[in-house]
Ligand SMILES: [Zn+2]
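Residue numbers (the working numbering): 75 to 151.
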């Protein structure tokens, strides 16, 4: 999951939040107003090279929090 950096336009509070790619925004933990996404850490890290995206290495990952080889979907565990 990417780590996003947010800047609150209301109180100028800066914070980071771990969110899914599909997340659209976050509320400021300081004043609880909607904050604006400033920059993603991944975007900064991968700047200048796009051959390998973080998260795509090593192939598909098992679902988080699951047990066994496939998160409990099969009877292997
Ligand atoms: Zn704020």
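Virtual Cβ for every residue (Gly too), placed ideally from N, Cα, C.
As the structure is a computational prediction, the values presented were derived from the model and not from experiment.
Residue 91 is positioned such that its CB atom lies closer than 7 Å to that of residue 100. Under DSSP, the beta-bridge partners assigned to residue 100 are 109. Residue 82 counts as buried, since no fewer than 16 other beta carbons sit within 10 angstroms of its beta carbon.
Residue burial annotation: residue 97 is exposed, with fewer than 16 other C-beta atoms found within 10 angstroms of its C-beta. Cβ-Cβ distances below 6 Å link residue 109 to 80, 82, 100, 102 in the same chain, with the five nearest sequence neighbours on each side left out; the list follows chain order.
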